[in-house]
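The next block holds one structure in the form of structure tokens; read it before the comments.
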Amino acid sequence: MAFSSTMILPLLLVLLSAFSATSKSVQENFMQCLDANSKHPIPISAFCFQTNSSFTSVLNSTAQNLRYLMPLVPKPEFIFIPVYESHVKSAVICAKKLAIHLRFRSGGHDYEGLSYASEIETPFILLDLIQLRSINVDIDDNSAWVQAGATVGEVYYRISEKSKTHGFPAGLCSSLGIGGHITGGAYGSMMRKYGLGADNVLDARIVDVNGEILDRAAMGEDLFWAIRGGGGASFGVILSWKIKLVAVPETVTVFTVPKTLEQAATKILYRWQQVADKLDDDLFIRVVIQVTKTSQKGKRTVTTAYNALYLGDAERLLQVMDQSFPELGLARKDCIETSWIKSVLYIAGFPSETPPEVLLEGKSLFKNYFKAKSDFVQQPIPETALERLWEMLLEEESPLMIWNPYGGMMANISDSAIPFPHRRGNLFKIQYVTSWYEGSKGATRKHMDWIKGLYDYMSAYVPTSPRAAYVNYRDLDLGMNHKNASFTEASVWGAMYFKGNFRRLVKIKSKVDPGNFFRHEQSIPVVLE
């Protein structure tokens, strides 16, 4: 790609005239350093400053949680959008040289805004990988190289372009950035068949703390282990993943069967807890639990929606359900036979006639103020406890719970195969969410207090030594680092996300980034006490 002289750095004076006096030195020094260290020319359009009219729209473009876009939340000094991988290398070199704190994002789905906001350290700059989104699918090799800024939906679409019988077992939300998604594990509707996205990574390219671009062979097996499930932004900047493609049938079947409290939802959900992890490995049935309006004016109820993907046809699915979970009452009319790529759209919540090309747009269906938490359940929650749970949900305006089944391949992979440790023994994972549309302190406190109360209530029904959590559902209530967190401080939340793998993550971090350059509120600390 060529750029005219009017587009390319180092015409700093054009840009510096727009800088605020307080930020001038940070911006000027960083840009001069980039110019000196970059292999490829850097277009002016790669920078977005707070003084630019587009700054807010660029910052907000992929951010999901409006709580971290409020006026009082610290914003990056500027946003740098690399066009080449070498730009990322130069950005890391310069940020380290100039002691500038760096945050980076691939998709902006971080639940606590850690990829684009900072609670603990300012000033900082944002490295946005949105332009690094190439996808190269090699069907003969059953693999694909995907750059970090590509969305999960784009990856799925490009695979389906090449083959109707290949897929990848990653997220259900199509706008997730693949770079950060896999760093936390990456679960989806094929996890019971093939495990997590991170279980199906063959290689990676990463910029380390020295600004070197490393592949698997160069980084070594310890670092390669750590980046596949050890949480984002602790070890370096992911440039791309080489993923292993998996087999999918030409015809899959999806269904959604809702059951309200008035339709014996409690008893059916209790039964689901007993069977969900033991079903055919080709079958994934999650439960989406929400409060909905009834036909009676002003009255609400709880609806449990059984949302499923089966890797096979409807006839075989009905046989499996009749043998394993007849209580749901699945009928042929509930079943939709479709292709795997269209099942992605269905599970993601797109309208039925939506063409797969919408996945190339990378648009999120979800953007509001929210708070989320997570749990892993190892024993069925009693019906009496569920009834109190429904009462609590009905007290909140827009609560959401998603129960995702485990078992299958998830029970056959070792807890230490990658840093993600939540395997055998777990029946299902719970995601708790409350969302709201008005950003006042009073509204925020009300909803935050509600979800904390719900989380406290559920502590009686989940393991607590330690209580487990999913790192891709970041939760700063579990604990937060200071700039230089100790192992003891960080192990409070680290044990919840990673269990016994946390100690190995700390050892690797201490070796590859001893100065703790890559850091955030829940990054892996560098030293063992």
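According to mature numbering (1 follows the signal peptide of the UniProt record, and there is no 0), the stretch in the sequence shown is residues -25 to -1, 1 to 504, in order.
Glycine residues also receive a C-beta, built at the ideal position from the N, C-alpha and C atoms.
Fair warning: this is a prediction, and the values are worked out from it, not measured in the lab.
According to DSSP, simplified to helix, strand and coil, what is residue i?
i: G152; result: strand
i: N282; result: strand
i: V184; result: coil
i: R494; result: coil
i: T(-4); result: Unreliable placement is indicated for T(-4), whose pLDDT of 44 sits below 50; the coordinate value is still reported in the next sentence. Three-state DSSP puts T(-4) in coil, outside helix and strand.
i: I19; result: helix
i: T463; result: helix
i: S349; result: strand
i: R80; result: strand
i: H141; result: strand
i: C8; result: helix
i: L177; result: strand
i: E312; result: strand
i: I356; result: coil
i: I54; result: strand
i: residue 505; result: A question about residue 505 goes unanswered here, because the residues of the chain that appear run from -25 up to 504.
i: N476; result: helix
i: N447; result: coil
i: N456; result: coil
i: Y59; result: coil
i: Y162; result: coil
i: V(-12); result: Caution is warranted here: a pLDDT of 46 is assigned to V(-12), below 50, making its placement in the model unreliable, and the coordinate value is therefore given only provisionally. V(-12) falls in the helix class under three-state DSSP.
Are the beta-carbon atoms of residue i and residue j separated by less than 8 angstroms?
i: S81; j: L44; result: no
i: I134; j: G142; result: yes
i: L286; j: D257; result: yes
i: P396; j: G475; result: yes
i: G206; j: I393; result: no
i: Q353; j: L89; result: no
i: V481; j: I377; result: no
i: L147; j: A283; result: no
i: Q106; j: V176; result: no
i: L334; j: S149; result: yes
i: I54; j: I75; result: no
i: V212; j: V67; result: yes
i: H495; j: A208; result: yes
i: T241; j: E362; result: yes
i: P98; j: V223; result: no
i: R398; j: E87; result: no
i: D174; j: I311; result: no
i: F259; j: R167; result: yes
So residue i packs on residue j, CB below 8 angstroms; how close in whole Å?
i: V266; j: L102; result: Actually they do not touch by this definition, with Cβ atoms about 39 angstroms apart.
i: F403; j: D252; result: 7 angstroms
i: K484; j: I95; result: Not confirmed; about 17 angstroms, so no contact.
i: A289; j: R261; result: A289 to R261, Cβ: 19 angstroms. No contact.
i: D190; j: D178; result: 6 angstroms
i: residue 593; j: V121; result: What the structure shows of the chain is the stretch from -25 to 504, and residue 593 is not part of that stretch, so it cannot be assessed.
i: I218; j: S118; result: 7 angstroms
i: S93; j: L9; result: That pair is no contact at about 21 angstroms.
i: T276; j: T269; result: 5 angstroms
i: S373; j: W411; result: 7 angstroms
i: M385; j: G170; result: 6 angstroms
i: K139; j: E225; result: 5 angstroms
i: F477; j: F210; result: Actually they do not touch by this definition, with Cβ atoms about 14 angstroms apart.
i: residue 505; j: T235; result: Given that the chain is displayed from residue -25 to residue 504, the structure contains no residue 505 and the question cannot be resolved.
i: Y472; j: V446; result: 4 angstroms
Should residue i be listed as close to the ligand ADP, given that the test is whether its C-beta is under 7 angstroms from any heavy atom?
i: E302; result: The ligand content of the structure shown is nil, which means the ligand ADP is not present either.
Any chance the region 127 to 141 sits against the region 149 to 167, with 3 or more Cβ pairs inside 8 angstroms? Segments in contact, yes.
Would you check if the region 294 to 303 and the region 247 to 262 touch, i.e. whether three or more CB-CB distances between them fall below 8 angstroms? yes
Between the region 181 to 192 and the region 226 to 243, do three or more beta carbon pairs fall short of 8 angstroms? no
With three or more C-beta pairs closer than 8 angstroms as the rule, is the region 462 to 470 touching the region 428 to 435? no
Are the region 70 to 78 and the region 17 to 28 in contact at 8 angstroms, needing three or more beta carbon pairs? no
Would you say the region 194 to 213 touches the region 434 to 442, given that touching needs at least three Cβ pairs under 8 angstroms? Touching, no.
Measuring CB atoms only, is the region 345 to 365 touching the region 405 to 412, in the sense that at least three cross pairs come out at less than 8 angstroms? yes
Ignoring anything shorter than 3 residues, give me the beta strand (DSSP E) runs that lie fully in the region 241 to 292, in order along the chain. 258 to 268 and 275 to 285
Does the pairing of the region 327 to 346 with the region 35 to 51 give three or more beta-carbon distances under 8 angstroms? With the cut-off at 8 angstroms, the region 327 to 346 and the region 35 to 51 touch.
Fully enclosed by the region 69 to 135, which alpha helix (DSSP H) runs are 4 residues long or longer? Runs found: none.
Within the region 187 to 237, ranges of the beta strand (DSSP E) (whole runs, at least 3 residues): 212 to 219 and 227 to 235
3 or more residues per run - each beta strand (DSSP E) lying fully within the region 394 to 428: 403 to 411
Tell me the start and end of each unbroken alpha helix (DSSP H) in the region 358 to 387 that is at least 4 residues and wholly inside, in chain order. Listed in chain order, they are 358 to 369.
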